[in-house]
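Chemist:
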Amino acid sequence: MAINFLEAFKFKRKNTFIHNLDPRTKLYFALIITIISLCFNTIIPLLILFLSIIPFFILGKIMTQWINTLRGLIFLAIFIIIIDTLFIEFNLGVAMSLRLFALISAFTLFFLTVHPDDFSQSLIQMKVPFSFAFALSLAIRFVPTLSQEAQNVREAQMVRGLELQKGNILKKVKNFIPIIIPLIILSIQRAMVVAESLESRGFGASKKRTYLYPLKMKMKDFFIIILLTGLLIFIIWILITGSLPSWMQFRIPF
Amino acid sequence: MGKNGAGKTTLVKLFNGLLKPDKGEIFVNNKNIITLSIAELAHIIGFVFQNADNQIFSRTVSDEIGFILKNFGYNESDINNQVSNILKRFNLEQFKERSPFLLSGGERKRVALASILCANPEIVILDEPTIGQDASEKKKLVSLLQELNQNRVTIIIITHDIEFIAEYIPHCILMRKGLLIAEGPTKYLLANEKLLEEASLIKPQLVQLSDLLNFEKGLHTLEYMKEQILEFLKS
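First to last, the protein sequences are chains U and W. Here the numbering used here runs 257 ahead of the position in the first sequence, where the first position is 1. Here the numbering used here runs 17 ahead of the position in the second sequence, where the first position is 1.
Below you can see the structure in the form of structure tokens.
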């Protein structure tokens, strides 16, 4: 279940409008969605924001992976609603869950449609030091490996009679110890191997790198960036003048 | 035996319920395994994974070995008894209180094997037990397996180590692309050039030698080869 949300990192090469956009455009998109979602804390605006992301997933033909990702988040959303209802109020809980969904969706769109190499390349072209960009893309690259390894460890402990679903909540959490520890050990082992293998292939040997495929912004990228910036300015203007229509403040009576 | 991707691991994972069959049925001790949970099957079938690091998590070697019994709900004193038994049998007594992470690769592999055999399964499946084992560890492994076999434990081994099979394992199954292509006594199968080629294996060295010397086709014992060679030299 918890492994489902790792779907967000399973990039597949496809030829769609969204896939062909520049990674920087998609990163900008995710950032704008983040900022807008932080501007509101009521249900209706956040719901509109969330729904407005859906067409992009349809355009990118990645609906199934996106739904799987959200499914993995449902527990967290329920948890947020419960905690908020207990300590603050129900409406805020729902709004915060929607904000979470919108944020995760925006970044899911980014990771599902950007090849890890393009991602690091775009960071480098935004003047992020090479080793940081490389480490980040390496981390993304290893997410599927990690989920495969988690599966192996789970099987190895299951054949030793470990039953994950058994017992009360405390016991269930404890059941995960035999899975987490080998996973950490395996990751550290692999990190060492990767580091040695990188060094033996001359990682960091030359200070100035050149790139085979530098990224280039196209017309449609600029178009989308201008649109997004316009949207952001519009929303900030609404917030400053306080001209939000009253139906936007709708609250679920609870 | 068979090439990588031939379906060996998939097959054995079906035996102990880690994978469910799409069609067909699997019976262990006359029970359809669909009716049993993985934990219940674990009482009958012990599965030793290729990479011991997939399972090691405890603070001490004894805890690691006793984990399976704890899961099966044994009481403390039974666990301690059984674990000290196993430690003796596996020559691991000196590591009893040590952290399993500080052991060598071969020793960790032995701990992993011990941690499965501790529950006295009737069937043991070993995935690549000889990988990363040095010659003396391999010998220890063989004597352990022979001892198990005398106690009427069924042993299933997945391996690429053809010399190991040729020397110690009497019965053998060859697989290719998810299909079983041959089953029978090792000494006939491993001398059959066509079958070996189909399974992407090479002949064991003993077979290569006997072919070179134009002896009778087949995988012969070392003793037999020695006599034949002596006779050959005399003539």
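From the three backbone atoms N, C-alpha and C, an ideal C-beta is built for every residue, glycine too.
Ignore the nearest five residues each way along the sequence and tell me which others in residue 317 of chain U's own chain have a CB closer than 8 Å to its CB.
Modeler: Result list for residue 317 of chain U: 271, 273, 274, 275, 276, 366, 369 and 370, in chain order.
Chemist: Is the Cβ of residue 449 of chain U closer than 8 Å to any Cβ of chain W?
Modeler: Closer than 8 Å: no.
Chemist: Kindly list, in the order they appear in chain U, the residues whose Cβ is closer than 7 Å to that of residue 131 of chain W.
Modeler: Per Cβ cutoff of 7 Å: no residues; residue 131 of chain W is ~12 Å from chain U at best.
Chemist: At the level of alpha carbons, what is the spacing between residue 111 of chain W and residue 100 of chain W?
Modeler: Distance between the alpha carbons of residue 111 of chain W and residue 100 of chain W: 13 Å.
Chemist: If you measure from the beta carbon of residue 104 of chain W to each beta carbon in chain U, is any gap under 8 Å?
Modeler: Output row for residue 104 of chain W: interface = no.
Chemist: Which class does residue 151 of chain W belong to by DSSP, given the choice of helix, strand or coil?
Modeler: In this structure, residue 151 of chain W counts as coil in the three-state DSSP scheme.
Chemist: Does any CB atom of chain U fall closer than 8 Å to the CB of residue 99 of chain W?
Modeler: Output row for residue 99 of chain W: interface = no.
Chemist: Whose Cβ in chain W lies nearer than 9 Å to the Cβ of residue 422 of chain U?
Modeler: Within 9 Å Cβ-Cβ: nothing; residue 422 of chain U doesn't reach chain W, min ~10 Å.
Chemist: Where do the N-terminal and C-terminal ends of the alpha helix (DSSP H) with residue 281 of chain U fall, by residue?
Modeler: Segment 280-296, the alpha helix (DSSP H) holding residue 281 of chain U.
Chemist: So which residues of chain W does residue 442 of chain U contact, with C-beta pairs closer than 9 Å?
Modeler: Neighbours of residue 442 of chain U on chain W, chain order: 70, 73, 74 and 118.
Chemist: Taking C-beta to C-beta, are residue 361 of chain U and residue 330 of chain U nearer than 8 Å?
Modeler: Contact: yes.
Chemist: Could you tell me whether the segment 133-146 of chain W touches the segment 159-170 of chain W, using the rule of 3 or more Cβ pairs below 8 Å?
Modeler: Yes, the segment 133-146 of chain W touches the segment 159-170 of chain W.
Chemist: Under 8 Å: do the segment 225-237 of chain W and the segment 201-211 of chain W share three or more Cβ pairs, one atom per stretch?
Modeler: With the cut-off at 8 Å, the segment 225-237 of chain W and the segment 201-211 of chain W touch.
Chemist: Sort out for me which residues DSSP pairs residue 392 of chain U with in a bridge.
Modeler: According to DSSP, which records beta bridges pairwise, residue 392 of chain U is partnered with nothing at all.
Chemist: Kindly indicate which three-state DSSP category residue 221 of chain W falls into: helix, strand or coil?
Modeler: Residue state, collapsed to three classes: coil.
Chemist: Starting from residue 510 of chain U, trace the alpha helix (DSSP H) in both directions and tell me its first and last residue.
Modeler: That residue, residue 510 of chain U, is in no alpha helix (DSSP H); it is neither H nor E in DSSP.
Chemist: Note the first and the last residue of the continuous alpha helix (DSSP H) segment covering residue 196 of chain W.
Modeler: Note, residue 196 of chain W: premise wrong, no alpha helix (DSSP H); beta strand (DSSP E) at 196-202.
Chemist: Cutting at 6 Å between CB atoms, please list the residues of its own chain near residue 258 of chain U, excluding the five before and the five after it.
Modeler: For residue 258 of chain U, the predicted model reports a pLDDT of 39, less than 50, meaning its position is unreliable and no value from the coordinates is stated.
Chemist: Counting only beta-carbon atoms, is residue 419 of chain U nearer than 8 Å to chain W?
Modeler: Yes, its Cβ sits closer than 8 Å to a Cβ of chain W.
Chemist: Classify residue 491 of chain U as helix, strand or coil using the three-state DSSP reduction.
Modeler: It is helical.
Chemist: If you reduce the DSSP assignment to three classes, tell me which class residue 48 of chain W lands in.
Modeler: Here residue 48 of chain W sits in strand by DSSP.
Chemist: With a cut-off of 8 Å on the beta carbons, I'd call residue 471 of chain U and residue 382 of chain U a contact; round off their distance for me.
Modeler: Contact holds; Cβ gap of about 7 Å.
Chemist: State the Cα-Cα distance for the pair residue 455 of chain U and residue 120 of chain W, rounded to the nearest angstrom.
Modeler: Taking the straight line from one Cα to the other gives about 27 Å.
Chemist: Excluding five sequence neighbours on each side, which residues of the same chain lie with their C-beta closer than 7 Å to the C-beta of residue 186 of chain W?
Modeler: Closer than 7 Å at Cβ, skipping near neighbours: 174 and 203.
Chemist: Reducing DSSP to helix, strand and coil, say where residue 60 of chain W ends up.
Modeler: Helix.
Chemist: Taking the alpha carbon of residue 474 of chain U as the point to measure from, which residue in U:268, U:491 and U:282 has its own alpha carbon closest?
Modeler: For residue 474 of chain U, the nearest C-alpha among the options comes from U:282.
Chemist: Bridge partners of residue 10 of chain W, per DSSP?
Modeler: Here chain W covers residues 18 to 252 and nothing more, so residue 10 of chain W does not appear.
Chemist: Count the other CB atoms within 10 Å of the CB of residue 494 of chain U; is the residue buried (16 or more) or exposed (fewer)?
Modeler: Exposed, by the Cβ-count rule.
Chemist: Return the chain-ordered list of same chain residues with a C-beta closer than 8 Å to the C-beta of residue 193 of chain W, the five sequence neighbours on each side being excluded.
Modeler: Within the same chain, residue 193 of chain W has close Cβ partners 19, 20, 23, 215, 216 and 217.
Chemist: Can the beta-carbon of residue 32 of chain W be found closer than 8 Å to that of residue 62 of chain W?
Modeler: In contact: residue 32 of chain W and residue 62 of chain W (Cβ atoms closer than 8 Å).
Chemist: Taking only beta carbons into account, state which residues of the segment 139-173 of chain W come closer than 8 Å to chain U, listed in chain order.
Modeler: Taking 8 Å as the Cβ-Cβ cut-off against chain U, none of the residues of the segment 139-173 of chain W qualify.
Chemist: Figure out for me which residue from U:293, U:284 and U:299 has the closest Cα to the Cα of residue 508 of chain U.
Modeler: Measuring from the Cα of residue 508 of chain U, the nearest candidate turns out to be U:299.
Chemist: So that I know if they touch, is there some Cβ in chain U lying closer than 8 Å to that of residue 31 of chain W?
Modeler: Not closer than 8 Å to any Cβ of chain U, the Cβ of residue 31 of chain W fails to qualify, so no.
Chemist: Check whether the Cβ of residue 84 of chain W lies closer than 8 Å to any Cβ atom in chain U.
Modeler: It does; some Cβ of chain U falls within 8 Å.
Chemist: With 8 Å set as the bound, which would you pick, yes or no: does the beta-carbon of residue 35 of chain W sit closer than that to a beta-carbon of chain U?
Modeler: Chain U contact via Cβ: present.
Chemist: By the DSSP assignment, the beta strand (DSSP E) with residue 190 of chain W in it spans what residues?
Modeler: Where residue 190 of chain W is concerned, the enclosing beta strand (DSSP E) stretches over 188-193.
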